[in-house]
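Participant: In our numbering, the protein residues as written are 514 to 587.
The C-beta atom is built at its ideal place from N, Cα and C for all residues, glycine as well.
This structure is in structure tokens; I'll ask about it shortly.
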Amino acid sequence: KNCLLKTFTDTGRLTNEQQRFKQQVSQARVVVDHAFGQLKERWSCLLKCNDCDLKLVKRMVLTCCALHNLCEDH
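Structure representation (structure tokens):
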């Protein structure tokens, strides 16, 4: 898929720049995983959307993000 970010495969011959990129992608993934964990903890509907239409899932996630931010602000 063109929406996924793939890192370099570590064959022992990565340049410093490639290693740094791989590390930064890994750190970003931890942040994203943590954020989705918080969302799924607060909004159980996200635990059940495996069989939903992809457009619906997108709307559900965006709505839960907006509601989460509202809850955090107040």
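Short of 7 Å in beta carbon distance, which residues of its chain neighbour A548, apart from the five on each side in sequence? Order them along the chain.
Facilitator: Excluding positions up to five away in sequence, the list is empty.
Participant: Which residue marks the beginning of the alpha helix (DSSP H) containing G550, and which one marks its end?
Facilitator: Element bounds for G550: N529 to R555.
Participant: How about L559 and M573: are their beta carbons less than 9 Å apart?
Facilitator: Taking 9 Å as the Cβ cut-off, L559 and M573 qualify as a contacting pair.
Participant: Any idea what DSSP makes of C565, helix, strand or coil?
Facilitator: C565 falls in the coil class under three-state DSSP.
Participant: Specify the secondary structure class of T576 as computed by DSSP and reduced to three states.
Facilitator: Helix at T576.
Participant: Let me know the secondary structure DSSP gives H587 once reduced to three states.
Facilitator: Three-state DSSP puts H587 in coil, outside helix and strand.
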